[in-house]
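To keep things clear, I will list the structure first and then write my remarks on it.
2 protein chains.
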Amino acid sequence: MRFELNILGCGSAKPTTRHLPSCQVLNVRDNLMMIDCGEGAQMAMSRQRLKFSRLRHIFISHLHGDHWFGLPGLLSTMGLHEQTGTVTVHIFKDGAQLLQQMVGFMGQLPYHLEINVIGTQPACIHEDNAVTVSTFTLNHRVPAVGFIIREKPKMRHINPEATREANVPHWAMNSLRQGLDYVTPEGIVIPNAQLTTDADPSVSYAYCSDTRPSPRVTAALEGVDWLYHEATYGEECKRQAHARYHSTAHEAAQTAHDAHVKQLIIGHFSSRYLDETPLLHEAQTIFPNTRLANEGMLVALAH
Amino acid sequence: MRFELNILGCGSAKPTTRHLPSCQVLNVRDNLMMIDCGEGAQMAMSRQRLKFSRLRHIFISHLHGDHWFGLPGLLSTMGLHEQTGTVTVHIFKDGAQLLQQMVGFMGQLPYHLEINVIGTQPACIHEDNAVTVSTFTLNHRVPAVGFIIREKPKMRHINPEATREANVPHWAMNSLRQGLDYVTPEGIVIPNAQLTTDADPSVSYAYCSDTRPSPRVTAALEGVDWLYHEATYGEECKRQAHARYHSTAHEAAQTAHDAHVKQLIIGHFSSRYLDETPLLHEAQTIFPNTRLANEGMLVALAH
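Residue numbers (the working numbering), protein chains in the order written: chain A, -13 to 289; chain B, -13 to 289.
Shown next, in the form of structure tokens:
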């Protein structure tokens, strides 16, 4: 079942001709969720052939411009595309207020724009059939949260041969998928494990930008499968990184290691790097399973 | 003396992979003036190697998002570039108020941001050594103005041979350039025309987007040298153009013709066109001296 990450922008605040500011889109069973919405997000959506009509939730981590100045343009354009239904923006209070005023310049939107005011305290801010989205507190210059998107437990797989042999009727299949045993008309209990195979594992993805490393962040990330973590600088700029409440590639990798995540993607690169390979190597000395984010990148989080 | 037009974006409201929303930059003697600031303007500045530090004035024609949603990002980034001096944004009152609130999210800007509230009534809104910038009223769904940038009269050219022959001293050259006659120590008047040649003509450029055609607009444009005029649609979409208070290519050309302008550039193309050549041909049947705008285009307005 589809659970994919599209990187739309992985630069930091100063845009360059190589990177766009922060934006990514998760495709969860063909429903799209955007995390951060830097300027140019709507153009990147078109370039990466992501359908506006499938975008239902937008999560904004904090109110630095490079994380949300693409929002007014995106919401306007979704109006021009005659989108219907509800689009929910999850954002801090100050941003919500400003956004409401900007909507006044967008004419009559054909869809319902819902604004969900979020806080810095960890909370589950969204839940649907497929995933939960929860926040955790980052350590940045301004209030900021990360997001963890966790797939819900999935259904077990029917073993076609075994169910045929046991004459399991069609109506009983769904309860088998949910893990229940099958009771024959004669009252014989056939254990679920004989008729099904294990469900696919539920995958979790965490977005962690912008932040200094902190034990609280590491604790929040414990055991997630995939981690996108900012690595604005390399260790040679450690002082600068800390002064600006950012992380180095080394620190991102240390966090990934300490939190026992499985895979790390680093991004939010400073404009000073014309090639991020040194950041990759720096991270890989601590956490080998690291890759560099890049615009246009598509990662299958679950198979 | 340099007077150049850079097209950064010439699409209409719905962005495409072919065009950015409205934005252009005039280079006037190496000082940059931006007209409209659609989303992506700052990235286009970088791509077209226009220096942020030279940008001193930004003129916003109206408050539809595709004409100013790039402003917050641009102003933030100029802060990150440690720009100093004053940057003036000329904008309607509602936009000014929103902009002031957005500036609150940009941290301490190292430059002075001045906001000049403009109205819809024609006015001279800026003047410096080289040009005047004045507004004229457009005919759009929301209050909107066009801009005319006129070079001030230029200095006459010294005729080196004639001034050498007449022994004109160095200190008298500037008054010759300004058109004064030269009086020799003996009291003989040498007419300016014998010592100088004509100044280069002063060139004018008008920006006219978004608008329906109207006699008032045509009158305002009378005799300008260069006209950028929106041509969102072709004549086949005339009804749609008028319903949305836009112009067709035919109408843009008719306005250029009736206002006796010298050169026409059409832009603000609807996303429906994958090739604007038909719009060009449509305009050229009325006004042959027409060209199509395009991102990255550089036009020398004066030589």
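C-beta: ideal position from N, C-alpha, C; glycine also.
A quick note: this is a predicted structure, and the numbers were derived from the prediction, not measured.
Item to check | For W212 (chain B), three-class secondary structure by DSSP | outcome: strand
Next on the checklist: To the nearest angstrom, how far is the alpha carbon of W54 (chain B) from that of Q34 (chain B)?
Outcome noted: 19 Å
Checklist entry - Between T182 (chain B) and A286 (chain B), what straight-line distance do the alpha-carbon atoms span, to the nearest angstrom? => result 25 Å
Checklist entry - Can you list the residues of chain B that P58 (chain A) reaches, using a CB-CB cut of under 9 Å? => result E25, G51, F55 and P58
Next on the checklist: Taking the beta carbon of S256 (chain A) as the centre, do at least 16 other beta carbons fall within 10 Å, making it buried, or is it exposed?
Outcome noted: buried
Item to check | Chain-ordered neighbours of Q87 (chain B) on chain A, where CB pairs are closer than 8 Å | outcome: L84 and Q87
Checklist entry - For R42 (chain B) and chain A, any beta-carbon pair shorter than 7 Å? => result no
Checklist entry - Under a three-way DSSP split, which group does T70 (chain B) fall into? => result coil
Checklist entry - Is the shortest distance between the beta-carbon of P1 (chain B) and the beta-carbons of chain A less than 7 Å? => result yes
Item to check | is_contact[L162 (chain A), chain B] using C-beta, thresh 7 Å | outcome: no
Item to check | Partners in chain A for M92 (chain B), counting only beta-carbon separations shorter than 8 Å | outcome: G51
Checklist entry - Going straight from the alpha carbon of G93 (chain B) to that of N178 (chain A), what length do you get? => result 60 Å
Item to check | Beta-bridge partners of I144 (chain A), as assigned by DSSP | outcome: A:T182
Checklist entry - Would the beta-carbon of S32 (chain A) fall within 7 Å of that of T204 (chain B)? => result no
Next on the checklist: So, under 8 Å CB-CB, E137 (chain A) and V189 (chain A) are touching, yes? Tell me the CB distance rounded to an integer number of Å.
Outcome noted: 5 Å
Checklist entry - Is the segment 35 to 44 of chain A in contact with the segment 64 to 76 of chain A, if contact means three or more CB pairs nearer than 8 Å? => result yes
Checklist entry - On the three-state DSSP scale, how would you describe Q34 (chain B)? => result coil
Checklist entry - By how many angstroms is the C-alpha of D184 (chain A) removed from the C-alpha of A158 (chain A)? => result 17 Å
Item to check | Where S62 (chain A) falls, given that 16 or more other Cβ within 10 Å makes a residue buried | outcome: buried
Checklist entry - When the Cα atoms are used, what is the spatial distance from H236 (chain B) to Q69 (chain B)? => result 43 Å
Checklist entry - With respect to the alpha helix (DSSP H) encompassing Q107 (chain A), which residues constitute its N-terminal and C-terminal limits? => result Where Q107 (chain A) is concerned, there is no enclosing alpha helix (DSSP H), given that its DSSP letter is neither H nor E.
Checklist entry - What's the gap between the Cα of A30 (chain B) and the Cα of G51 (chain A)? => result 17 Å
Item to check | 7 Å Cβ cut-off: residues of chain B touching L66 (chain A) | outcome: A(-1) and K0
Checklist entry - According to the Cβ coordinates, are G26 (chain A) and G26 (chain B) closer than 7 Å? => result yes
Next on the checklist: For chain B, check one thing: does any of its Cβ atoms lie closer than 7 Å to the Cβ of S62 (chain A)?
Outcome noted: yes
Checklist entry - Hey, is the segment 0 to 15 of chain B in contact with the segment 3 to 19 of chain A, meaning 3+ C-beta pairs nearer than 8 Å? => result no
Checklist entry - So, helix, strand or coil for S39 (chain A), using DSSP? => result helix
Checklist entry - Can you give the Cα-Cα distance for C223 (chain B) and M20 (chain B), rounded to whole angstroms? => result 30 Å
Next on the checklist: Quick check: what's the CA-CA separation for I174 (chain A) versus P274 (chain A)?
Outcome noted: 51 Å
Checklist entry - Going by beta carbon distance, what residues of the same chain come within less than 6 Å of R127 (chain B), once the five residues before and after it are set aside? => result Y231
Next on the checklist: Between Q28 (chain A) and chain B, is any beta-carbon pair separated by less than 7 Å?
Outcome noted: yes
Checklist entry - Per DSSP, M20 (chain A) forms a beta bridge with which residues? => result A:V11 and A:I44
Checklist entry - Is L213 (chain A) closer than 7 Å to A242 (chain A) when the C-beta atoms are compared? => result yes
Next on the checklist: Considering only DSSP beta bridges, list what C194 (chain B) is partnered with.
Outcome noted: B:H215
Checklist entry - Since S190 (chain A) meets chain B, which of its residues come closer than 7 Å, beta carbon to beta carbon? => result Neighbours of S190 (chain A) on chain B: none; closest Cβ ~31 Å, over 7 Å.
Checklist entry - Grouping DSSP H, G and I as helix and E and B as strand, with all else coil, what is G132 (chain B)? => result strand
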